[in-house]
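Oh and the sequence shown: position 43 is 46 in the working numbering, straight run, nothing missing.
Built from N, CA and C at the ideal position, the CB exists for glycine as well.
The structure appears right after this line, and notes come after that.
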Amino acid sequence: MYTGTLLEFLNMGGGEIMLILAVVLLLFGGKKLPELARGLGKGIRDFKDASEGVKREIHRNINSMDIDNDYKTDRPAETASNAPGVNIADSKEEIKPNNNI
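See below:
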């Protein structure tokens, strides 16, 4: 017999839930309960928004790393031997500092 996921998890019946609700009503009163529920709802919403922001940031970083890895694997690495320009080891000129600056 299926009684609900929350009730199965907490192993509570209808009587226990009614008792808890009665105690909460006695402790906080009828005027304070809507304020508490509103604050609880806002806290849950803020938590969900923050966790979604963290998830988005993680996915963005993972995707940017994937793009960087794809770029690096598609393009051969430039080393001193195949880099364009002057190879310093083959140059016989002496490099002099420029004092005109």
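For this session: Mind reading off the beta-carbon distance from LEU36 to LEU28? Whole number of angstroms is fine, and I expect it under 8 Å.
Result: The Cβ separation is near 7 Å, so the contact holds.
Beta-carbon separation (whole angstroms), LEU39 vs PHE31, contact threshold 8 Å: Separation of the CB atoms of LEU39 and PHE31 is rounded to 6 Å, and the pair is thereby assigned contact status at 8 Å.
Notebook entry, point to check: How many Å lie between ILE61 and GLY18 at the Cα?
Noted result: Each residue's alpha carbon lies about 44 Å from the other.
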